[in-house]
Structure formats: C-alpha cells, structure tokens
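Participant: Before we start, here is the structure in question, set down as structure tokens.
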Amino acid sequence: NAGVTQTPKFRVLKTGQSMTLLCAQDMNHEYMYWYRQDPGMGLRLIHYSVGEGTTAKGEVPDGYNVSRLKKQNFLLGLESAAPSQTSVYFCASRVTGNYGYTFGSGTRLTVV
Amino acid sequence: GENVEQHPSTLSVQEGDSAVIKCTYSDSASNYFPWYKQELGKGPQLIIDIRSNVGEKKDQRIAVTLNKTAKHFSLHITETQPEDSAVYFCAAYNNNDMRFGAGTRLTVKP
C-alpha cells in the first residue's frame, strides 16, 4: 500500500516549457487535490476532483490544467511554465465522509 | 472565502516543555479543523483533527481545543521531544474548501 505517489520528485523547466505532474493513489479515494506550497504562504489549492471524470478550480488555478481520467490518477499540467510557478507541489486525496487528507511527498519545480 | 491565520510563525522550546500553536478562522460555516505535521522533504501528515461539534480532543501528548464562538483553535503538545521538531499547519474546512495557515516552525532543543 503506497498511499499517494507523486512523480517526478524534482524538475527544472525553462520559461515557456510544458510538463505534467502525476499523482497516483492506491486507496480508492474519491477526492483528489493539487496544492502548491510557497514560503510563508502555507498550502494553496490549485484544482481538485470529487471523482473520476470531474475537476474543479481552487484558489489559484490560473496557468494550470488538470485531468482525472482514472479514479486513481490526477494529473496537473503546466502548458507554458512561468517563473512564478516555481514552487513545491503536493497532491492529496481523501475518502468520502472523512475529511483528513493523505498527502504525497511533493514535487519541487523550478522554472528558470 | 475562508482565511486562516496561524501564530507564531516560529517557536523554540526546551525538550520537555509544552508548545502551543494558535489559529483563527473567518468563516463560521467551517466545520472541520485538522492539524498537519510536515518534516523536512516530506508531505504534510495529519496528526489530529477536531470537528465543530467538539470542544477538545486529545491523543497522547497532543491535544486540540476549539472555540467556535471566538473562531479560534489551538494545538497543544506536552512533554516535547526533539522528534517533534517540524513545521505544523492548521487548516479549516468547509464544503470541499480546505484553507491552511502559513505554518509554524517548531524547534525542540535537547
């Protein structure tokens, strides 16, 4: 039982490049979330999904897209990376009826 | 939307002392208040939570108190140990919107 797995763990992008971050969970959780963590700002919600095939915007969605084609996977895409997207990205999931999140170990992204 | 403020931003205590971290929230509809511990290079881990119909909850050396009227909640760690050193985040949840505080870096000195 791996929990929530994020790939890759580290990535450096040039401005304007695109990439996809993968989040996979093996706990059969319905809800999945993408957060970014910046110094002094805590965690801010980018997008979330309440089930397979559904997505919704969070607090800071601009510049990101997501997809949830399979229940266990939640993908976060950056179409044209900007230096302001340099951050640590965390994926989380939870089961219906329990609000406690299980987080992945994070992806550290640097955009130069 | 919800706004969560957390204090202090850094806290240093001697091993064996108690540590208290406080959070306030703005949305009276928030009904679930978790606390997460984040160690260096890892994701946040849920350590304790409390729902809005409960005033206090305890789990061994950690406890959380909630004052709904004043809209604040606190994390209490007793008999601190060096392994308690980490960043702690509070959060408030309402209707699929979990808002986090900015975090408290706790250092426990041996």
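Residue numbers (my numbering), protein chains in the order written: chain L, 1 to 112; chain V, 113 to 222. Even glycine gets a Cβ: it sits at the ideal position worked out from N, Cα and C.
Report the option in L:M41, L:G16, L:S67, L:E30 whose CA atom is closest to the CA atom of A214 (chain V).
Facilitator: L:M41
Participant: If we count the other Cβ atoms within 10 Å of its Cβ and call it buried at 16 or more, is A56 (chain L) buried or exposed?
Facilitator: Exposed, because fewer than 16 other Cβ atoms sit within 10 Å of the Cβ of A56 (chain L).
Participant: At a CB-CB cut-off below 9 Å, which residues of chain V make contact with F90 (chain L)?
Facilitator: G155, P156
Participant: Give the straight-line distance between the Cα atoms of V166 (chain V) and L178 (chain V), rounded to the nearest whole angstrom.
Facilitator: 7 Å
Participant: Quick one: which residues of the segment 47 to 64 of chain L get their C-beta closer than 9 Å to a C-beta of chain V? List them in chain order.
Facilitator: Y48, V50, A56, G58, E59
Participant: Kindly say whether D171 (chain V), judged by its beta-carbon, lies nearer than 8 Å to any beta-carbon of chain L.
Facilitator: Taking 8 Å as the CB threshold, D171 (chain V) stays off the interface with chain L.
Participant: Using 8 Å as the threshold, is the C-beta distance between Y137 (chain V) and Y99 (chain L) below it?
Facilitator: no
Participant: Smallest Cα separation from G217 (chain V): which of V:A182, V:Y205, V:S197, V:L158?
Facilitator: Before going further, note that residue 217 (chain V) is Arg rather than Gly in the sequence given. For the residues V:A182, V:Y205, V:S197, V:L158, the minimum Cα distance to R217 (chain V) belongs to V:S197.
Participant: Judging by CA-CA distance, which residue of V:A175, V:G153, V:L152, V:Q150 is the nearest neighbour of I160 (chain V)?
Facilitator: V:A175
Participant: The segment 80 to 110 of chain L: which residues have C-beta closer than 7 Å to a C-beta of chain V, in chain order?
Facilitator: From the segment 80 to 110 of chain L, only F90, Y99, G100, Y101, F103, G104, S105, G106 have a Cβ closer than 7 Å to chain V.
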